[in-house]
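Numbered per this note's numbering, the sequence shown spans residues 127 to 358.
Read through the structure below, which is laid out as structure tokens, and then see the notes.
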Amino acid sequence: MSVAIITGASKGLGEALARALAARGWDLVLDARDPVPLAEAAGLVSAHGTRVTALPGDVTDAAHRAELVAAAWRLGGVDLVVHNASALGAEPLVRLEELPLEGLRRALEVNVVAALGLVQEALPLLRSAPAGAVLVVSSDAAAEAYPTWGGYGASKAALDQLAAVLAVEEPGLRVWAVDPGDMATDLYAAAVPDDDGPRPEPARVVPAFLRLLDERPASGRYGAPALLEERR
């Protein structure tokens, strides 16, 4: 049985991906800061009959990251680490001249430092897995210069580079950075509360992530819209 750790799994893309993997028989370790929605999400995911461990906590806490990996080990190991947890740095987003430096530090801690810390903790188990993989959720703001998205985009650009170097250093693993494209999520609503334009639900983006797991292309950066379009 394959085992995945998914951070930021109480709602949005994290929960949607957890449901999809559970439907495929994966056992899961789920993380989020708020214990109530995390428990609710875990209940829905476990309805598929797989084993689900929900551990509320902050991914910037090294002890919490160790707890996540230990829980996966008890389920049989770590086949996949998904770093989906994200912090904006400011809510709503602001221009760089107004960006609180403490907010930028928080975005870097959650989006980059915690991602590496979790991978470091899980690496021994990932290396021993038959098909170990790391999947980090990126953003088009990592590659495009959008006003007010500077702090968040910088953290995601750093995450992309971290994933690229990890792929070179760990050729036995697959390491994918995935830009999911526009989605209707609480994160986006917090970033730009005045933008109520229609966006796809995260569940519609999940098939792009599943395609990576099914086809296991080379490590690299992928855009979910392109993966979905190519599959049609």
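Ideal Cβ positions, reconstructed from N, Cα and C, are used throughout, including at glycine.
Go ahead and pull the three-state DSSP assignment for D340.
Three-state result, D340: helix.
Does W302 come out as helix, strand or coil in the three-state DSSP assignment?
DSSP places W302 in strand when its eight states are reduced to three.
Determine contact between the stretch 231-239 and the stretch 197-215, defined as no fewer than three beta-carbon pairs at a distance below 8 Å.
Result yes; three or more Cβ-Cβ pairs closer than 8 Å.
One question on the structure: do L154 and V171 come within less than 8 Å of each other, judged by their Cβ atoms?
Contact: yes.
What is the rounded straight-line gap between the Cα of P319 and the Cα of P256?
Spanning the two alpha carbons is a distance of roughly 43 Å.
Give the straight-line distance between the Cα atoms of E247 and A142, rounded to the nearest whole angstrom.
Distance between the alpha carbons of E247 and A142 is about 25 Å.
Can you tell me which of the three DSSP states H174 falls into?
Looking at H174 - three-state DSSP - the assignment turns out to be coil, as it is neither helix nor strand.
Taking Cβ positions, are A146 and L156 nearer each other than 8 Å?
No, the Cβ-Cβ distance between A146 and L156 is not below 8 Å.
How is V245 classed by DSSP in three states: helix, strand or coil?
Residue state, collapsed to three classes: helix.
In chain order, what residues of the same chain have a beta carbon less than 8 Å from the beta carbon of V129, not counting five sequence neighbours either side?
Within the same chain, V129 has close Cβ partners W152, D153, L154, V155, A198, L201, G202, G203, V204, D205, L206.
By DSSP's criteria, R347 is part of a beta bridge. Which residues make up the other side?
R347 pairs with A303.
Could you spell out the range, first to last residue, of the beta strand (DSSP E) harbouring V155?
Taken as a continuous stretch (DSSP letters only), the beta strand (DSSP E) holding V155 covers 153-158.
Taking P326 as the reference, which of A268, P306, V262, L339 has the closest Cα?
Nearest C-alpha to P326: P306.
Between the alpha carbons of P351 and G140, how many angstroms are there, rounded?
If I take the Cα positions, the gap works out to 17 Å.
Among the residues of its own chain, which have a CB less than 8 Å from the CB of S254, if the five just before and after it don't count?
Same-chain partners within the cutoff: G203.
Whose C-alpha, out of V185, A344, L181, is nearest the C-alpha of A290?
It is A344 whose Cα lies nearest to the Cα of A290.
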